[in-house]
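Have a look at the structure below, then the notes.
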Amino acid sequence: APAAKTITETATVTPEPEYKWRFGTPWTQKTRNESIALFCDLIYVYSNGRIKVDFYPDGLLGSHTEIFHAMQEGTIEMGVFAPYVDIVPGGMLNWMNWTVETYEEAALAYSPPDGILYKVMDKAWEEVGGKLLWSSYFGPYGLGSNVRPLITPDDLRGQKMRVSASLGYVRCMENMGKGTGLTLHTIPWAELYSALERGVVDMCWSLWPSLVEERHYEVLKYYTALGFGWDAGNIVMNRELWNGLPPDLQDAIMRAAKDAELRDAEAHRRVNTEYKHFLAEAGLQIYYPTAEERAVWRERANMPAIWEELCTPWLEKHYPGQNMTQKILDELDRIKAYVAAAGG
Amino acid sequence: MRYARSILKWMLSGVQTAQVAVCVAGLIITTLLVFIEVLNRYWLHIEGMWFSDLALYCFIFFMLVAAAVTTWREGHVAVDFFRERIVRGKPTRAAIYRVFLVVLSIAVLCVLLPVAYQFMLRAMKYPEYGTLVRWFNMSWLQITLFVALAFVLGHLLVIARRDISDLIRNCLARSRSKRE
Amino acid sequence: MEFGIIVGLLLFFVGIIIGLPLCWVFLGCTVVAIILMDESLVWLAGTAYSAIDSYILMAISFFIFAGNLMAQAGIADRLIRFAYALVGRIKGGLVDVGIITILFLSALTGSSLPTIAATIPLLVPQLERFGYQRRYVTAVLCCSSFLGYLIPPSVPVLIYCLVAGQSVAAVFLSTVFPGLLLAGGYMMVNTFLCPRYMLPSKDIPELPTTFKASVKELGAATWGALPALAIPLIVLVGIYGGVFTPNEAGSIAVVVTLIVGIFIYRELRAKNFWTACQTTLTTLGMITLLLGFGTVFTRLMIREGVAQSMAETMIGAFESKYLILFMMNMLILVLGMFIDGIPILIIAVPLIMPLVTQIDVNLVQLGAIIVVNVGLGVTTPPYAISIFVGSRLAGVPYERLVAPMLIFVLVIGLPVLFLTTYIPALSCWLPTAVVGPRIVGPW
Ligand code: NA
Ligand code: NA
Chain A
44 APAAKTITET ATVTPEPEYK WRFGTPWTQK TRNESIALFC DLIYVYSNGR IKVDFYPDGL
104 LGSHTEIFHA MQEGTIEMGV FAPYVDIVPG GMLNWMNWTV ETYEEAALAY SPPDGILYKV
164 MDKAWEEVGG KLLWSSYFGP YGLGSNVRPL ITPDDLRGQK MRVSASLGYV RCMENMGKGT
224 GLTLHTIPWA ELYSALERGV VDMCWSLWPS LVEERHYEVL KYYTALGFGW DAGNIVMNRE
284 LWNGLPPDLQ DAIMRAAKDA ELRDAEAHRR VNTEYKHFLA EAGLQIYYPT AEERAVWRER
344 ANMPAIWEEL CTPWLEKHYP GQNMTQKILD ELDRIKAYVA AAGG
Chain B
98 MRYARSILKW MLSGVQTAQV AVCVAGLIIT TLLVFIEVLN RYWLHIEGMW FSDLALYCFI
158 FFMLVAAAVT TWREGHVAVD FFRERIVRGK PTRAAIYRVF LVVLSIAVLC VLLPVAYQFM
218 LRAMKYPEYG TLVRWFNMSW LQITLFVALA FVLGHLLVIA RRDISDLIRN CLARSRSKRE
Chain C
-1 MEFGIIVGLL LFFVGIIIGL PLCWVFLGCT VVAIILMDES LVWLAGTAYS AIDSYILMAI
59 SFFIFAGNLM AQAGIADRLI RFAYALVGRI KGGLVDVGII TILFLSALTG SSLPTIAATI
119 PLLVPQLERF GYQRRYVTAV LCCSSFLGYL IPPSVPVLIY CLVAGQSVAA VFLSTVFPGL
179 LLAGGYMMVN TFLCPRYMLP SKDIPELPTT FKASVKELGA ATWGALPALA IPLIVLVGIY
239 GGVFTPNEAG SIAVVVTLIV GIFIYRELRA KNFWTACQTT LTTLGMITLL LGFGTVFTRL
299 MIREGVAQSM AETMIGAFES KYLILFMMNM LILVLGMFID GIPILIIAVP LIMPLVTQID
359 VNLVQLGAII VVNVGLGVTT PPYAISIFVG SRLAGVPYER LVAPMLIFVL VIGLPVLFLT
419 TYIPALSCWL PTAVVGPRIV GPW
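Residue numbers (my numbering), protein chains in the order written: chain A, 44 to 387; chain B, 98 to 277; chain C, -1 to 441.
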């Protein structure tokens, strides 16, 4: 961001920063990377030049797990991560299906310091040596198909769907597709485009930015904006380093985090609107289900059982005897009601 | 003394056989898992989305062990053009050169081993379980990296010992022929 | 550039020249550079590890395994007899068959290694019996290997499109004509070059002299090769028919080879199965360390901004469109001598994009130029992944491969690169015809 650059230049007060860190991301994600660049610049400004963070986008510092391990070791101080449960055991709480559905809800659920998902995810990151600073949202997940428009769960019948190794999403799809003959296949992300093009699979889940930027719309006929999941990338730093910082620097980082998060959500919301128009013009048949139709899918997903299977054991271990699963679900319901009331 | 040496030899060949067996098994299991995944998609339809994940874990594991196997088979690629020029027809010089290269390899690897050790410690501190293969701890693979590199070092040391005794034998033979 | 990096690059050459195994060269010069710069070594292990953690590498290992099995199961013999009956009279004909084989196999995977991994064990020992020098055949196959990047699907194209925001379908198609041109050019050069690399061999079978006998031999050879031909056929139909992914195709090739070798030709016994496993393992173990430490070396160059500063000095100074494109090609060629293809794409494309959009070059064409160039990097020494693997698979010393390969690179590779650069129709016509002018844009 050129605007951010000038801020840095004018803020050159102290000649040599006390802390020089690296921020790594494995991905090429235009909008998110702009927000991260701003975040790094803001840290410099708000810390009065005492912390300087160099941003390495597009996998320059390596793959996702590579940067993650380096963050744990402290050789790369900060990064943006997807908290897959193999590397972050509590990570499934970041993206349980059918919870957060809009940017308004996300702002309340994921925001530091009081958002309920922020609190549990920070705990989840603490367990693996990370400190959660803020989250960046690509937005809602939908379902793409090459066979037919997906209006009810029965439209899944007989299709072959690509899934990743995210167990929560897999369980959710299993439940929604129960009795329809839907089969799920793990295919590496890098092979998804060719697999859809050649018909190895008929279906996948996707997001507005992935449809456009990763060109999934070229190889998909139908897309249902189901919003059955919410994407949130976690911006995290090494925990030990965080704990060793004086409070004023911690404040500076969290202030930068807050600003970056706001900018990021705004930018993604705008980009998603642009992408929707672009995709409609490009000939992708987009279906926006009604509230009733979404309720049918949601019912089928049988989320309470998935919470019980995947989340409760971890939550019980870290919040013993507090019935945390129910507390989170209640709080998410409260947020949903609050946003609905404010919107209506 | 001779007894101890034959025990060592026996142990070395045991280690080598075990490594080869592990690798061949890994290669075959990986192949079958991916193959079964295709069968599953069209015919079997059993609950087996974890096949491809497990295949990748198997693959990483045997690839790391294979690095050790290749080392004692001396199968690593090098550019031999220059070396052949300067050692051609000079067995002593060739022996010295071989010792030089293997010692250099050992030196380079010795810098890496502590790093791999740290990598292993971090992996043990933060176990990482497979998402679809939930009993599989991926830290085992990261520990394997260190173990495999340690085996590579072991094999390099064995090669170094062989090359050094070759060199000594060469020098002795030369001095004997000079005396005669 | 930092002092440590300069020493590291010097040691890189010294290490290669003195004949230290390449994996230790990569690791050694990285380590020395880092120590001289007084930075942390900790990331080395994680980077080396993550290089092995790859589905693409898994596909490569399957194709290596399948190739070795075919060689052991008598499948290779029959395929060659069939090819010989077809093209035995043409000068260098069997090498042409190798090029065409690579062209077809390129359609299977998006990377270069699986194709040579499958073809070298299959073809090189056979062709040697027919009098073709081992190092020549290997060199041609290695040179052709990057056709895997140009015939879709293609991993580098996917990455280019991600970074440059272009249509995958369009850029997939943009490299097809340059790819065919390369294959044709290679076959042409082969006709002239081949006789120089022939050795007298007692094993060369006599071709029948009468027309009737020729037809009979061709018939017999075809009949014998039918089950063997089924293997590539199943793989090709499976991938193009959308039955399985290229990665899965590798394992299917292995299984079908086993079935044909055990039950149809009945030549695959426990003993030669074991031999195939052993050969595969030694190659894979070599690849583990080579790729692991090669990635470490590449990553260091990126972390320290070596490539970035080269791009700025080389491209930034020019204004003419033709000169900028020329310097861009030079830059990628030079990077290709030291860094692997995919990292080059990731570093160079974002650096090049802003400069090139100003000079009005079609971005689909740019994709074709860059992917052809990055593909050439697979074959240009000293860091040439195809030479490393090819030399290992064929048992030919690295330096013996370089000379014949350079002939192909200079006489065909570079001219095709510059044709792609200066004739937009070569890359843009096909995508415009198929996916439409709206997606491709003006050229
Ligand atoms: Na290809
Ligand atoms: Na190269």
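Just so you know, even glycine gets a beta-carbon here, dropped at the ideal spot from N, CA and C.
What you are looking at is a predicted structure, and each value in this text was computed from that prediction instead of being measured.
DSSP beta-bridge partners of Ser249 (chain C): DSSP, once it has assigned bridges, lists no residue as partnering Ser249 (chain C).
Could you tell me which of A:Trp138, A:Gly117, A:Ser188, A:Ser78 sits nearest to Ala268 (chain A), measuring between CA atoms? A:Ser188
When the Cβ atoms of the segment 256 to 276 of chain A are set against those of the segment 140 to 153 of chain A, are three or more pairs found closer than 8 Å? yes
Check distances from the C-beta atoms of the segment 52 to 64 of chain C to those of chain B and list, in chain order, the residues that come in under 8 Å. Tyr53, Leu55, Met56, Ser59, Phe60, Phe63
Strictly by DSSP, which residues pair up with Arg205 (chain A)? A:His228, A:Cys247
Assuming contact is defined by CB atoms lying nearer than 8 Å, are Thr228 (chain B) and Tyr127 (chain A) in contact in what I supplied? yes
Test: Tyr154 (chain B) CB closer than 8 Å to a CB of chain A: no
Check the DSSP bridge columns for Val96 (chain A) and list the partner residues they point to. A:Trp64
Which word fits Ala116 (chain C), buried or exposed, when buried means at least 16 other C-beta atoms lie within 10 angstroms of its C-beta? buried
Under the three-state DSSP convention, the category Tyr147 (chain C) falls into: helix
Quick one, are the C-beta atoms of Val138 (chain C) and Asn66 (chain C) less than 8 Å apart? no
Whole-Å CB distance - Val258 (chain C) paired with Ile73 (chain C), under 8 Å assumed: 6 Å
From which residue to which residue does the beta strand (DSSP E) around Pro183 (chain A) run? 173 to 188
Relative to chain A, which residues along the segment 291 to 322 of chain C have a C-beta separation below 8 Å, given in chain order? Arg297, Ile300, Arg301
For chain B, find out if any of its Cβ atoms is closer than 8 Å to the Cβ of Asp129 (chain A); answer yes or no. yes
Are at least three pairs of beta-carbons, each pair with one atom in the segment 203 to 212 of chain A and one in the segment 245 to 253 of chain A, less than 8 Å apart? yes
How big is the Cα-Cα spacing for Glu217 (chain A) and Leu225 (chain A)? 8 Å
If you follow the alpha helix (DSSP H) that Asp302 (chain A) is in, where does it begin and where does it stop? 290 to 324
Which partner residues does Met196 (chain C) have in the DSSP bridge list? C:Tyr130
Identify the continuous beta strand (DSSP E) that holds Met335 (chain C) and give its terminal residues. Note, Met335 (chain C): premise wrong, no beta strand (DSSP E); not H, not E.
List the whole-angstrom C-beta distance separating Ala247 (chain C) from Ile237 (chain C), where the pair is believed to meet the contact cut-off of C-beta under 8 Å. 5 Å
Just checking: is the beta-carbon of Ala44 (chain A) within a distance shorter than 8 Å of some beta-carbon in chain C? For Ala44 (chain A), the pLDDT reaches just 35, beneath the cut-off of 50, and the residue's location in the model is therefore unreliable, although a value from the coordinates is still provided. Ala44 (chain A) does not count as touching chain C.
Do you know how far the Cα of Phe82 (chain A) is from the Cα of Thr49 (chain A)? Low confidence applies to Thr49 (chain A): its pLDDT is 46, below 50, so where it sits in the model is not reliable, and the reading given next is rough at best. Spanning the two alpha carbons is a distance of roughly 14 Å.
By alpha-carbon positions, which one of C:Met299, C:Ser172, C:Met56 ends up nearest to Pro497 (chain C)? What is shown of chain C runs -1 to 441, which leaves residue 497 (chain C) out entirely.
Close-in-space but distant-in-sequence residues of the same chain around Gly99 (chain C) (CB under 6 Å, 5 per side omitted): Per the sequence shown, residue 99 (chain C) should be read as Thr rather than Gly. If we look at Thr99 (chain C) and ignore the five residues flanking it on each side, its Cβ neighbours are Thr117.
Using the three-state DSSP reduction, which class does Asn277 (chain A) fall into: helix, strand or coil? strand
Which residues in chain C have a C-beta closer than 9 Å to the C-beta of Ala257 (chain B)? List them in chain order. The contacting residues do not exist; Ala257 (chain B) stays about 13 Å from chain C at best.
For Gly397 (chain C), count the other beta carbons within 10 Å of its own beta carbon; 16 or more makes it buried, fewer makes it exposed. Which is it? First, the amino acid is wrong: residue 397 (chain C) is Glu here, not Gly. Counting Cβ neighbours within 10 Å, Glu397 (chain C) comes out buried, since at least 16 surround it.
Return the residues of the segment 101 to 131 of chain A that lie within a Cβ-Cβ distance of less than 8 Å from chain C, sorted by chain order. Asp101, Gly102, Leu103, Leu104, Gly105, Ser106, Thr108, Glu109, His112, Ala113, Glu116, Thr118, Ile119
Could you list the residues in the segment 219 to 251 of chain C with a C-beta less than 9 Å from some C-beta on chain A, going in chain order? Ile237, Tyr238, Gly239, Gly240, Val241, Phe242, Thr243, Pro244, Asn245, Glu246
Minimum Cβ-Cβ distance from Ser110 (chain C) to chain A less than 8 Å: no
Phe233 (chain B) (DSSP reduced to helix, strand or coil): coil
Reference Ile437 (chain C); option with closest CA among A:Gly326, A:Lys360, A:Glu120, A:Val163: A:Gly326
Grab the span of the beta strand (DSSP E) containing Tyr330 (chain A) for me, first residue to last. 328 to 330
Close-in-space but distant-in-sequence residues of the same chain around Met367 (chain A) (CB under 7 Å, 5 per side omitted): Leu358
Whole-angstrom Cβ separation of Leu121 (chain C) and Gly96 (chain C), contact assumed at under 8 Å? 5 Å
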